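Q: Take the sequence shown: its position 180, counted from the start at 1, is 226 in this note's numbering, and no numbers get skipped. In this text, a Cβ means the ideal position worked out from N, Cα and C, and glycines have one as well. This one's a predicted model, so the numbers in the text were calculated from it and none came from an experiment.
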Amino acid sequence: VCAFICDSKARAWIAGVIGHTGHHGCGKCNQVGITINSRVVYSTKCGELRSDDGFRQRTDTDHIKFPYPYGLEMANIKMVSQLPLCPMHLVYLGVLRSMGALWMNPKRKDLIVFFFVKNWKATQARQFLLYSGPIVLKKILNEEYYEHFLLLSVAIRILSCKVFVQDDTCIDHADTMLRKFVEDYPKLYGAEVVIDHLSGVDLCRGKTTRGNGSLECVDCGISVHEKCANLPPPTLSSIAQGHSSYKCSECKKKEFSAKRASICGESYTLGSLHNRLEDLSSLVTQKFEDLLKELREENVALRNRQCELEEKNVQHERRILALEEQVFALSSEADYRMQRENLASVEVQNIPNELLRENNVELAAEVFNSALDVDVALSEIENAHVMKIGSERKKNMLVVKLKSEGVKTKIINARREKNRSNNYGGIFLSGVKIFVNERLTKRRREMLSMARERGRKLDFKFVWVDNGVVKMRKREGE
Numbered sequence: 047v048c049a050f051i052c053d054s055k056a057r058a059w060i061a062g063v064i065g066h067t068g069h070h071g072c073g074k075c076n077q078v079g080i081t082i083n084s085r086v087v088y089s090t091k092c093g094e095l096r097s098d099d100g101f102r103q104r105t106d107t108d109h110i111k112f113p114y115p116y117g118l119e120m121a122n123i124k125m126v127s128q129l130p131l132c133p134m135h136l137v138y139l140g141v142l143r144s145m146g147a148l149w150m151n152p153k154r155k156d157l158i159v160f161f162f163v164k165n166w167k168a169t170q171a172r173q174f175l176l177y178s179g180p181i182v183l184k185k186i187l188n189e190e191y192y193e194h195f196l197l198l199s200v201a202i203r204i205l206s207c208k209v210f211v212q213d214d215t216c217i218d219h220a221d222t223m224l225r226k227f228v229e230d231y232p233k234l235y236g237a238e239v240v241i242d243h244l245s246g247v248d249l250c251r252g253k254t255t256r257g258n259g260s261l262e263c264v265d266c267g268i269s270v271h272e273k274c275a276n277l278p279p280p281t282l283s284s285i286a287q288g289h290s291s292y293k294c295s296e297c298k299k300k301e302f303s304a305k306r307a308s309i310c311g312e313s314y315t316l317g318s319l320h321n322r323l324e325d326l327s328s329l330v331t332q333k334f335e336d337l338l339k340e341l342r343e344e345n346v347a348l349r350n351r352q353c354e355l356e357e358k359n360v361q362h363e364r365r366i367l368a369l370e371e372q373v374f375a376l377s378s379e380a381d382y383r384m385q386r387e388n389l390a391s392v393e394v395q396n397i398p399n400e401l402l403r404e405n406n407v408e409l410a411a412e413v414f415n416s417a418l419d420v421d422v423a424l425s426e427i428e429n430a431h432v433m434k435i436g437s438e439r440k441k442n443m444l445v446v447k448l449k450s451e452g453v454k455t456k457i458i459n460a461r462r463e464k465n466r467s468n469n470y471g472g473i474f475l476s477g478v479k480i481f482v483n484e485r486l487t488k489r490r491r492e493m494l495s496m497a498r499e500r501g502r503k504l505d506f507k508f509v510w511v512d513n514g515v516v517k518m519r520k521r522e523g524e
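1) Just to check, is the beta-carbon of F210 closer than 8 Å to a non-hydrogen atom of the ligand COA?
2) Should R521 go down as buried or exposed, given a rule of 16 or more other Cβ atoms within 10 Å for buried?
3) Helix, strand or coil for F508, going by three-state DSSP, please let me know.
4) State the Cα-Cα distance for the pair E190 and R143, rounded to the nearest angstrom.
5) With 16 as the cutoff for other CB atoms within 10 Å, does H66 come out buried or exposed?
6) On the DSSP bridge assignment, give the partners of H431 in chain order.
7) Taking the beta carbon of M125 as the centre, do at least 16 other beta carbons fall within 10 Å, making it buried, or is it exposed?
8) Should N513 be labelled buried (16 or more other beta-carbon atoms within 10 Å of its own) or exposed?
9) Check the DSSP bridge columns for Q395 and list the partner residues they point to.
10) Since N483 contacts V511 with CB under 8 Å, what's their CB separation in whole angstroms?
11) Let me know the secondary structure DSSP gives V126 once reduced to three states.
12) At the level of alpha carbons, what is the spacing between L354 and Q361?
13) What span of residues does the beta strand (DSSP E) with M518 cover, start to end?
14) Return the residue from the list K434, E451, E393 that minimises the CA-CA distance to F481.
15) Considering only the beta carbon of each residue, do N429 and D421 sit closer than 9 Å?
16) I309 by DSSP, collapsed to three states: which one?
17) Could you give the distance in angstroms between the alpha-carbon of D98 and the alpha-carbon of N188?
18) Use the C-beta contact count for Y314: other C-beta atoms within 10 angstroms, 16 or more gives buried, fewer gives exposed.
19) To test your reading of the DSSP string, which unbroken alpha helix (DSSP H) runs of 4 or more residues are found completely within the segment 69-139?
20) On the three-pair Cβ rule with 8 Å, is the segment 54-63 touching the segment 81-94?
21) By DSSP, does V63 sit in helix, in strand, or in coil?
22) With distance defined between alpha-carbon atoms, name the residue in S89, K447, Y470, F101 nearest to G62.
23) Checking 9 Å against the spacing of the C-beta atoms, do I60 and G71 come in under that value?
24) Is L475 helix, strand or coil when you go by DSSP?
25) Give, in chain order, every unbroken run of the beta strand (DSSP E) that is at least 3 residues long and sits entirely within the segment 323-383.
26) For L475, tell me which candidate among V413, V453, G501, C92 has the shortest Cα-Cα distance.
27) In this structure, does DSSP put L175 in helix, strand or coil?
28) Relative to the C-alpha of P398, which candidate in I204, I458, I435 has its C-alpha closest?
29) Hey, out of N122, E340, V200, whose CA is closest to V137's CA?
30) Need the endpoints of the alpha helix (DSSP H) that W166 sits in, please.
31) By Cβ distance below 6 Å, which residues in the same chain neighbour G472 in space, the five residues on each side in sequence not counted?
32) Looking only at its chain, what residues have a beta carbon closer than 6 Å to the beta carbon of G93, apart from the 5 residues adjacent to it on each side?
33) Can you grab the Cα-Cα spacing for the pair D336 / I181, in whole Å?
34) Measuring CB to CB, does F161 end up less than 9 Å from G179?
35) Excluding the 5 residues preceding and the 5 following A171 in the sequence, name in chain order all residues of the same chain whose CB lies nearer than 7 Å to its CB.
Laid out in structure tokens, this is it:
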């Protein structure tokens, strides 16, 4: 085992040290974090680097939880050098996604896409940082923020290239750019966002990558391990056994090239090659014709199936129409019967609150006598009740059921005469305008409101109800 590649939380767990949210959580240097706005932040200056010997001797007891060898340390694993910083968790899933979240601005359509940056995979973040990001962000971010992003992009690009990391000059350039990036980060985004990831970026500089290869080498090869393991989940023993029989893509390419060379090295005469080509041509032609025949048969079957489905669809639509007609007929019959029950009922809307009382029958008789000047005895009223109507349920409606249709007709005629005598200005009770109408079902009430709206558009002056039937008249006498 060369190294353990993991994120900050897993590294703290297997090493038995303080996590990245603690004040002594940096696993590579001994700097101490501080709390700003309920968040542990670190300095942009790297502290004294930790060593394997210092870890074994427990020189920093605030960082190490256990005073005795713990976990992997008992297997002679070096708890500092064999737990390297991972660019995937540190840069791509850490710093870049944090910067994208800070760029996100819902007022700008070109920046609202960074709302999904926290859901990016590592491959997406890497592709954006190293390739498409410098082009996409050029005309989106401010110049200061764009140049700051380029410092990280170019530096990681250099440290990820196998050729560049062999040149000390290139590593020095990347070192300078990363140092500048870390120093300018709190100036642009604030000191409270300098978290453990940014402290680790400072450690990604040349002093930790010089002589150790590119950042792309820090990879545990999980896909190769999964292929080598016979049974999931992969274990060290199954991985070790599988590596002996596993062939990488390069080995497969070499085997293919060797087979192709052996085939091409065989000697063929011109006649034999011609006959071989004719045989291959006839074979390909026959295969193509068979495939074309199968496709035509499948096409015919699909068309027949489509016709069957269309016919079934038409039948279903006819059934739906028949059911809709039945529903309409039943609802009309129910509405007609409900309206028959309301033939001897009237409703008075907008009753003043000060006139309400416990005996609604006496209230109805008083309303008819005072507002309509019609004499209705208490014995002619079967029952009455008050309902709250309106969008805010603040208006009162008095529903009165009479003992005969003749009494209802007398009240409606009195309402018409009263309205006509007031020059159609309305009927008032205690200074409040009231409305006296026949009692209608919900469906016919909606029909009445539609008729009134239609009448206003067509300049109809009169819209009323006669025994449950809505009627309209253009003008008096027409």
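A: Let me lay it out:
1) The ligand content of the structure shown is nil, which means the ligand COA is not present either.
2) Mapped onto the sequence shown, residue 521 falls at position 475. R521 is exposed by the Cβ-count criterion.
3) Your numbering for residue 508 matches position 462 in the sequence shown. Strand at F508.
4) Residue 190 sits at position 144 when you count from the first residue of the sequence shown. Residue 143 sits at position 97 when you count from the first residue of the sequence shown. Answer to the nearest angstrom: the Cα atoms are 19 Å apart.
5) Position 20 of the sequence shown holds residue 66. In this structure H66 is buried. Its beta-carbon is surrounded by 16 or more other beta-carbon atoms within 10 angstroms.
6) As a first step, residue 431 must be located in the sequence shown, where it is residue number 385. In the DSSP output, where bridge partners are listed per residue, H431 has V445.
7) Mapped onto the sequence shown, residue 125 falls at position 79. Of the residues assessed, M125 falls on the buried side of the cut-off, its CB having 16 or more other CB atoms within 10 angstroms.
8) Position 467 of the sequence shown, counting from 1, holds the residue named residue 513. So N513 counts as exposed.
9) In the sequence shown, the residue the question calls residue 395 occupies position 349. Its beta-bridge partners are M443, F481.
10) Here residue 483 corresponds to residue number 437 of the sequence shown, with the count starting at 1. Here residue 511 corresponds to residue number 465 of the sequence shown, with the count starting at 1. Sure, about 6 Å apart at Cβ, within 8 Å.
11) Locating residue 126 in the sequence shown gives position 80, where the first residue counts as 1. Coil.
12) Indexing the sequence shown from 1 puts residue 354 at position 308. Indexing the sequence shown from 1 puts residue 361 at position 315. Strictly speaking, residue 354 in this sequence is Glu, with Leu absent from that position. Taking the straight line from one Cα to the other gives about 11 Å.
13) Here residue 518 corresponds to residue number 472 of the sequence shown, with the count starting at 1. Its beta strand (DSSP E) spans residues 515-519.
14) By 1-based counting over the sequence shown, the position of residue 481 is 435. With distances taken between Cα atoms, F481 lies closest to E393.
15) Within the sequence shown, residue 429 is the residue found at index 383, counting from 1. Within the sequence shown, residue 421 is the residue found at index 375, counting from 1. Taking a C-beta distance under 9 Å as the contact criterion, N429 and D421 do not qualify as a contact pair.
16) For the purposes of this step, residue 309 is taken as the residue at position 263 of the sequence shown. Unreliable positioning characterises I309 in this predicted model, as indicated by a pLDDT of 49, which lies under 50. The coordinate reading is nonetheless provided below. In this structure, DSSP gives I309 a helical state, which the three-state scheme calls helix.
17) Within the sequence shown, numbered from 1, the residue matching residue 98 stands at position 52. Within the sequence shown, numbered from 1, the residue matching residue 188 stands at position 142. Straight through space, the alpha carbons of N188 and D98 are spaced by roughly 44 Å.
18) Counted from its first residue, the sequence shown places residue 314 at position 268. Since pLDDT at Y314 reaches only 48, below the 50 mark, its modelled position is unreliable, and no value is offered.
19) Secondary structure remark: continuous alpha helix (DSSP H) runs of at least 4 residues inside the segment 69-139, in chain order: 98-102.
20) Segments in contact, no.
21) Counting from one through the sequence shown, the residue named residue 63 turns up at place 17. V63: strand per DSSP, three-state reduction.
22) Position 16 of the sequence shown, counting from 1, holds the residue named residue 62. Comparing C-alpha distances from G62 to each of S89, K447, Y470, F101 shows the shortest one belongs to F101.
23) Numbered from its first residue, the sequence shown carries residue 60 at position 14. Numbered from its first residue, the sequence shown carries residue 71 at position 25. Contact check for I60 against G71 fails: the beta carbons are separated by 9 Å or more.
24) Position 429 of the sequence shown, counting from 1, holds the residue named residue 475. The DSSP-derived three-state label of L475 is strand.
25) The qualifying runs do not exist here; there are none.
26) On the sequence shown, residue 475 is found 429 positions in, with the first residue counted as 1. Measuring from the Cα of L475, the nearest candidate turns out to be V413.
27) Locating residue 175 in the sequence shown gives position 129, where the first residue counts as 1. Here L175 sits in helix by DSSP.
28) In the sequence shown, counting from the first residue as 1, residue 398 sits at position 352. With respect to the C-alpha of P398, the residue from I204, I458, I435 having the closest C-alpha is I435.
29) By 1-based counting over the sequence shown, the position of residue 137 is 91. The option with the nearest alpha carbon to V137 is V200.
30) On the sequence shown, position 120 is the one that residue 166 refers to. Per DSSP, W166 belongs to no alpha helix (DSSP H) and is neither H nor E.
31) Counted from its first residue, the sequence shown places residue 472 at position 426. Excluding residues up to 5 positions away in sequence, K479 lie with their Cβ nearer than 6 Å to the Cβ of G472 in the same chain.
32) By one-based count along the sequence shown, residue 93 stands at place 47. Once the five neighbours on either side are set aside, the close Cβ partners of G93 are C75, N76, Q77.
33) Working through the sequence shown from its first residue, we reach residue 336 at position 290. Working through the sequence shown from its first residue, we reach residue 181 at position 135. Those two C-alpha atoms are separated by around 50 Å.
34) The count along the sequence shown starts at 1 and reaches residue 161 at position 115. The count along the sequence shown starts at 1 and reaches residue 179 at position 133. It is not a contact, given that the beta carbons lie outside the stated cut-off.
35) Walking along the sequence shown from the start, residue 171 turns up at place 125. Correct list, in chain order: Y138, L139, L142, R143.
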